[in-house]
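K.L.:
One structure follows; several queries about it will come next.
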């Protein structure tokens with residue numbers, strides 16, 4: 004029996020507001036859609052069963068120009084199936100064309116390309132950075148601009164003795180934003196782009212890939228839950244293939260479903276980025 008596309012993980016975070024305990028975040032990234040596949044039907048069915056609070060879309064939904072209508076149709080089906088209780092949020096990747104961006108504006112998604120969104124009641128802020136059109140170009144994302152664009156939170160109708168500061172979560176297509184997010188004290192981010200390497204050595208206990216399509220980014224940080232300083236990054240293996248359509252080696256596609264929990268203890272500080280859980 005094939006492994007399910009959606010894989011569940013728990014993430015324990017210090018200093019997370021208690022109001023976010025148990026929040027469920029489903030990440031969908033790197034579809035690289037060329038054609039409709041059985042995998043996409045399975046994804047929609049699994050997303051419906053997952054019952055996420057947030058659906059996070061982190062780019063590279065298409066692979067080549069001309070597939071924009073297919074992507075729009077699939078994402079509409081995914082949104083209808085997942086029905087996230089808080090909402091859907093997304094950024095675009097280096098393969099996503101301006102035509103696709105325009106075509107997806109009608110979907111019920113908060114597109115956060117260098118922008119921010121505040122939850123009206125929960126202490127939660129979603130931030131997003133844009134991505135360059137080519138993987139070797141410098142990302143044109145503007146995280147500082149996204150932070151500065153954060154809308155003011157509405158004043159509570161009833162006085163609160165200890166109002167909690169919002170907990171920021173960053174969406175970025177590329178994991179290379181992790182050191183920047185850590186420097187800006189953003190506690191959690193989601194990224195893709197690497198495909199988990201897509202091709203790994205057989206029987207390799209470390210799961211380290213041959214290549215991650217991210218110049219300068221270490222191979223051992225290609226996927227999993229990473230940490231830099233006190234910031235954590237969820238880097239998905241993604242759901243599609245970049246170079247070889249339909250071919251992966253020892254690196255299954257997946258969509259991580261992360262359940263947030265408040266950690267009772269402090270977690271050791273990481274001066275340099277490390278992988279604390281590889282998948």
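In the working numbering, the protein residues as written are 4 to 282.
Glycine is no exception: its CB is placed at the ideal position from the N, C-alpha and C atoms.
1. Using the Cβ count rule (16 or more neighbours within 10 Å means buried), how would you classify residue 137?
2. For residue 280, which of helix, strand or coil comes out of DSSP?
3. Alpha carbon to alpha carbon, what distance is there between residue 29 and residue 261?
4. Does the contact criterion of 3 or more C-beta pairs under 8 angstroms hold for the stretch 62 to 76 versus the stretch 25 to 43?
5. Report all residues from its chain with a CB closer than 6 angstroms to the CB of residue 184; omit the five preceding and five following residues, and keep chain order.
6. What three-state label does DSSP hand residue 50 in the structure shown?
7. According to DSSP, is residue 264 part of a helix, a strand, or is it coil?
8. Taking all protein chains shown into account, do 16 or more other C-beta atoms lie within 10 angstroms of the C-beta of residue 175, making it buried, or fewer, making it exposed?
9. Quick one: complete beta strand (DSSP E) runs, 3+ long, within the stretch 193 to 235?
10. Of all the options 75, 58, 73, which has the alpha carbon lying nearest to the alpha carbon of residue 86?
11. Taking C-alpha atoms, which residue in 134, 95, 250, 129 lies nearest to residue 190?
P.N.:
Quick answer:
1. Start at 1 with the first residue of the chain shown, and residue 137 comes out as number 134. With a pLDDT of 47 at residue 137, under the threshold of 50, the predicted position of this residue should be treated as unreliable, and no value is reported.
2. Position 277 of the chain shown, counted from the start, is the residue given in the question as residue 280. Residue 280: strand per DSSP, three-state reduction.
3. To locate residue 261, count along the chain shown from 1; it is residue 258. To locate residue 29, count along the chain shown from 1; it is residue 26. Going from the Cα of residue 261 to the Cα of residue 29 covers about 6 angstroms.
4. They touch, by the three-pair rule.
5. As a working note, residue 184 is residue 181 in the chain shown. Answer for residue 184: 173, 192, 234, listed in chain order.
6. Translated into positions along the chain shown, residue 50 becomes position 47. Helix at residue 50.
7. Translated into positions along the chain shown, residue 264 becomes position 261. The three-state secondary structure of residue 264, taken from DSSP, is strand.
8. Residue numbering aside, residue 175 sits at position 172 when the chain shown is read from its first letter. Buried, since its Cβ has 16 or more Cβ neighbours within 10 Å.
9. Within the stretch 193 to 235, the complete beta strand (DSSP E) runs of at least 3 residues are 227 to 232.
10. Sequence index remark: in the chain shown, residue 86 carries index 83 (1-based). Ranking the options by Cα distance to residue 86, first place goes to 58.
11. Translated into positions along the chain shown, residue 190 becomes position 187. Cα-wise, what sits closest to residue 190 is 129.
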